[in-house]
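Notes follow the structure.
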Ligand SMILES: Cc1cc2nc3c(=O)[nH]c(=O)nc-3n(C[C@H](O)[C@H](O)[C@H](O)COP(=O)(O)OP(=O)(O)OC[C@H]3O[C@@H](n4cnc5c(N)ncnc54)[C@H](O)[C@@H]3O)c2cc1C
């Protein structure tokens, strides 16, 4: 897309249309609005429209489309590939649109397009309700949901998209439409897994479930010596676990903090987060064999507020570090894969790096793979190699480390990749993410966004 000259009169006219603010590079607030979770992402848009409602979004989409301006949409700014920002062009910043309205009688929530997981969990938990969503509280709800939406409640209640009733969308034509099973059902299908390709989602409506307010949960941590044995136990446990139980895992170097034993500070630990969406007695019975296995150096288990649990890992993945991810799905954790993991965790390259496991399955796998655009419902695990560092001089080494580990694990992986954890990995990987649904998504893209106005994402190019 060519760099477009913007005359100041046109910009001022656009600015007057907005209920929110328009930021230029010299404006106060511009730096904050253009910084995202991954410090590797440094982009300089010409304009940032901090939108306060759907009418601002309509004005911004229309302004960009009429001038052939590059357009990016920023929600929580968490995307590892940096797709919430663009160079030159216009960024639609949805962060002021963070309202969540819960209807406790209907057990639904209406969530604006810039709300974060912290906003969603806080408001729903006021009523003892919740919906599946991400495990780091600053993640944007809309960006997460448009890709599918993993979370600890997923095994019991399905992905975030499986709980989505409707979405309000500003389309490439600047129209505001509602998509649901009854209205524009093809668009609604595509929004549930097709990412930000189809428009700007200004609001999402979810079904909610009774959760908490306290949930039984805990932490287990094992040292390097026990890793192979414990992973073999984990694969059996994860496969047999009831839907209410989810156990996410991570190899992390123990930070020098009181919640980690001092003898282990700096040593790589295998950490398990035990989570149970149900009562304490059942949780104790389910997790008892795990807690009795091996010699964990941390073995804690106590009820805690769901909101608190949902923020428990925030400090392990703070904004402002440099990150690069390589991820795959796995149906199982075969011995060969475990051997590779054991070999690689010996050389975790920095004190912030990790390799983390999502525990999927349960209700996620029971939903028909054609019911939504999210195609990869079978795998029980996803594993992501996640180096994190601070010095730009280390970029190449750390990225290469992630690729090397990923290559060694890939032989054991199942098909596909989750669109929301893709780094900038090229078109073939994007096709793998959309899998068997790619062509159907492409024809829906052609209908709703034939000029590819929404292209700063894991892009599905329309048919020409
Ligand atoms: C630390 C961390 C933890 C994570 N944990 C989880 C997890 O537990 N479960 C999970 O499923 N994923 C998780 N993710 C991945 C996450 O879902 C993606 O990074 C997602 O893209 C984040 O959305 P965002 O709005 O925060 O990001 P942004 O960078 O703002 O946007 C990401 C993409 O979504 C599009 N987008 C955002 N909002 C809208 C909107 N309202 N309308 C249209 N398009 C929009 C953007 O255009 C862009 O293409 C995690 C990511 C990080 C960095």
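Numbering (full-length UniProt numbering), first residue to last: 1 to 464.
All C-beta atoms in this analysis are idealised placements derived from N, C-alpha and C, irrespective of residue type, glycine included.
Sub-8 angstroms separation of residue i and residue j beta-carbons
i	j	result
residue 48	residue 23	yes
residue 204	residue 167	yes
residue 437	residue 375	yes
residue 155	residue 362	yes
residue 146	residue 195	yes
residue 89	residue 56	no
residue 139	residue 78	yes
residue 207	residue 116	no
residue 322	residue 213	no
residue 333	residue 301	no
residue 51	residue 93	yes
residue 394	residue 344	no
residue 252	residue 269	yes
residue 501	residue 372	Residue numbering for the chain in the displayed model covers 1 to 464; residue 501 lies beyond these limits and cannot be assessed.
residue 172	residue 456	no
residue 222	residue 266	no
residue 228	residue 342	yes
residue 450	residue 414	no
residue 148	residue 136	no
Backbone CA spacing between residue i and residue j [nearest angstrom]
i	j	result
residue 219	residue 18	47 angstroms
residue 215	residue 133	16 angstroms
residue 7	residue 72	20 angstroms
residue 44	residue 188	32 angstroms
residue 74	residue 225	43 angstroms
residue 150	residue 9	45 angstroms
residue 114	residue 53	10 angstroms
residue 318	residue 389	11 angstroms
residue 83	residue 254	31 angstroms
residue 311	residue 158	20 angstroms
residue 286	residue 276	9 angstroms
residue 2	residue 141	For residue 2, the pLDDT reaches just 45, beneath the cut-off of 50, and the residue's location in the model is therefore unreliable, although a value from the coordinates is still provided. Cα to Cα, residue 2 sits roughly 32 angstroms from residue 141.
residue 476	residue 176	Residue numbering for the chain in the displayed model covers 1 to 464; residue 476 lies beyond these limits and cannot be assessed.
residue 198	residue 443	11 angstroms
residue 282	residue 242	10 angstroms
residue 69	residue 87	11 angstroms
residue 184	residue 440	15 angstroms
residue 231	residue 386	19 angstroms
residue 417	residue 12	43 angstroms
residue 256	residue 406	28 angstroms
residue 104	residue 233	40 angstroms
residue 313	residue 445	36 angstroms
residue 339	residue 412	11 angstroms
residue 38	residue 80	6 angstroms
residue 354	residue 383	10 angstroms
residue 111	residue 120	7 angstroms
residue 15	residue 144	29 angstroms
residue 330	residue 67	44 angstroms
residue 153	residue 102	18 angstroms
residue 178	residue 169	6 angstroms
Bridge partners - residue i, DSSP secondary structure assignment
i	result
residue 303	216
residue 386	354
residue 328	383
residue 359	381
residue 405	Its beta-bridge partners do not exist; DSSP assigns none.
residue 253	268
residue 140	116
residue 323	388
residue 48	23, 91
residue 246	275
residue 372	None, per the DSSP bridge assignment.
residue 108	103, 207
Residue i burial status per 10 Å Cβ neighbour count (16 or more: buried)
i	result
residue 320	exposed
residue 377	buried
residue 296	buried
residue 279	exposed
residue 59	buried
residue 163	buried
residue 26	exposed
residue 493	Since the first residue shown for the chain is 1 and the last is 464, residue 493 is missing from the structure and cannot be characterised.
beta-carbon residue i near ligand 2 non-hydrogen atom, thresh 7 angstroms
i	result
residue 144	What this structure holds is ligand 1, not ligand 2.
Below-8 angstroms beta-carbon distance, residue i vs any chain D residue
i	result
residue 271	Reference to chain D is not applicable here, since this structure consists of a single protein chain.
Spell out a yes or no on whether the stretch 124 to 138 and the stretch 62 to 70 are touching, meaning 3 or more CB-CB pairs, one atom from each, closer than 8 angstroms. Contact annotation: the stretch 124 to 138 does not touch the stretch 62 to 70, with fewer than three C-beta pairs closer than 8 angstroms.
Any contact of the stretch 393 to 404 with the stretch 425 to 433, i.e. 3+ C-beta pairs under 8 angstroms? Result no; under three Cβ-Cβ pairs closer than 8 angstroms.
May I ask you to verify whether the stretch 283 to 293 touches the stretch 222 to 241, counting CB pairs closer than 8 angstroms and requiring at least 3? yes
Taking 8 angstroms as the cut-off, does the stretch 415 to 425 touch the stretch 326 to 344 (at least 3 CB pairs, one atom from each stretch)? yes
Is the stretch 248 to 258 close to the stretch 352 to 360, with three or more CB pairs under 8 angstroms? yes
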